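Peer 1: These protein sequence lines are chains A and B, in that order. The opening position of the first sequence corresponds to residue 1 in full-length UniProt numbering, with each subsequent residue numbered one higher. The opening position of the second sequence corresponds to residue 1 in full-length UniProt numbering, with each subsequent residue numbered one higher. For glycine and all other residues, C-beta sits at the position ideal for the given N, C-alpha and C. Since the model is a prediction, treat every value here as computed from it, not as a measurement. Sharing a structure below in structure tokens format, with a few things to ask.
2 protein chains.
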Amino acid sequence: MTSDALVDALVRNTFQVVGVLTRIGAERDLSLTQLRVLGILRDRRPRMTELAAFLGLDKSTLSGLIDRAERRGLVARGKNPQDRRVVDVFLTPAGLELAEQMYGEVRHALTPAINRLDPQDRDQLVQLLHAVMHSPG
Amino acid sequence: MTSDALVDALVRNTFQVVGVLTRIGAERDLSLTQLRVLGILRDRRPRMTELAAFLGLDKSTLSGLIDRAERRGLVARGKNPQDRRVVDVFLTPAGLELAEQMYGEVRHALTPAINRLDPQDRDQLVQLLHAVMHSPG
DNA sequence: TATTGTTATACTCTATAACTATA
DNA sequence: TATAGTTATAGAGTATAACAATA
């Protein structure tokens, strides 16, 4: 069945990219989760609960993650003036710089793979991934 | 640039599929790594070092992973007659059944996404993923 | 009362270093 | 000596339950 081959390809592709992301994170002592946190915060300033939900993690897990990232000066906690229970999270300048740098390395690491496709195929792949990945299971 | 859009799509796709795999594993108290171990052992009987290298993990990490999976009756260690230092790893019948079951759930979970593509596009996507993912950075 | 976030606890995942057994 | 694997240790990631502060 074609759909089985596609599932296999998606899963294999996933572990391949996870490998690249993990390696690039590890070079800076960052886990895949921390790498993802930095990536998300590049253009957002969510509250703790929002970020936990987005990552699919418990809020207590996020407290620990943000504690450690804050201790390293990569993120900061801010008060929310509308609701004093809420804690907003955002990148420090150092965190933003690190995030941009690492995502540059991700692009660099994936470039050889991407260059195996001609421009038409790249566009096609982007379109197909968008089609497949919008609101999945 | 097109390649940036493709990198973004690949990374987003990766976290999406990781989310599906993590959820399906968690329903059986299996981490993403354990899920992957079971997936790999479906059709292989590697030695500890080979499996560690394939996963990109230290051999000591693998000892712990296999300890816990063995304690749950999912995998077993076997002696290697050629070299008595070597430990081979393989699935138990229970482990094989669980692995097949979970990978069935993965296919099921990804089916709605896949069904958003017509058969031609599915084939196309499989081909493009294969082209991109062979021996990446 | 309900929600937001933290803390305490326990377990898994992970790497490094030191070790045992075999080659 | 070198290689295969385990163990000891330490730290990060994770969820559950109990908690404090605010709504």
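Whole angstroms is fine: what's the gap from G137/B's alpha carbon to R85/A's?
Peer 2: Along the second sequence, one-based indexing puts residue 137/B at 137. Along the first sequence, one-based indexing puts residue 85/A at 85. Any answer about G137/B is weak, because its pLDDT of 45 lies below 50 and its placement is not dependable; what the coordinates show is given next. For G137/B and R85/A, the distance between alpha carbons rounds to 44 angstroms.
Peer 1: Quick one, are the C-beta atoms of N80/A and R44/A less than 8 angstroms apart?
Peer 2: Translated into positions along the first sequence, residue 80/A becomes position 80. Translated into positions along the first sequence, residue 44/A becomes position 44. Result no, Cβ atoms of N80/A and R44/A do not sit closer than 8 angstroms.
Peer 1: Run through the UniProt domain "HTH marR-type" (3-134) of chain A for me and flag every whole alpha helix (DSSP H) of 4 or more residues, listed as ranges in chain order.
Peer 2: 32-41, 48-55, 59-71, 93-115, 119-133
Peer 1: Got a sec: is the Cβ-Cβ distance from T49/B to anything in chain A below 8 angstroms?
Peer 2: As a working mapping, residue 49/B is identified with position 49 in the second sequence. T49/B does not count as touching chain A.
Peer 1: What separation, rounded to the nearest whole angstrom, lies between the Cα atoms of L6/B and R71/B?
Peer 2: Taking the first residue of the second sequence as position 1, residue 6/B is located at position 6. Taking the first residue of the second sequence as position 1, residue 71/B is located at position 71. Approximately 42 angstroms between the Cα atoms of the pair.
Peer 1: When the Cα atoms are used, what is the spatial distance from R116/B to R122/B?
Peer 2: Position 116 of the second sequence, counting from 1, holds the residue named residue 116/B. Position 122 of the second sequence, counting from 1, holds the residue named residue 122/B. Each residue's Cα considered, the two are about 9 angstroms apart.
Peer 1: Beta carbons nearer than 9 angstroms to chain B: which residues of the stretch 86-114 of chain A have them?
Peer 2: Y103, V106, R107, H108, A109, L110, T111, P112, A113, I114
Peer 1: What residues from chain A crowd round P46/B, counting only those whose CB sits closer than 8 angstroms?
Peer 2: On the second sequence, position 46 is the one that residue 46/B refers to. What P46/B touches in chain A: nothing, since even the nearest Cβ is about 16 angstroms away.
Peer 1: Within 10 angstroms of the Cβ of L110/B, are there 16 or more other Cβ atoms? Answer buried if so, exposed if not.
Peer 2: Locating residue 110/B in the second sequence gives position 110, counting from the first residue. Within a 10 Å sphere around the beta-carbon of L110/B sit 16 or more other beta-carbons, which makes this residue buried.
Peer 1: Take the Cβ of G25/B as the centre, count every other Cβ of all protein chains shown within 10 Å, and call the residue buried at 16 or more, exposed below.
Peer 2: Start at 1 with the first residue of the second sequence, and residue 25/B comes out as number 25. Buried.
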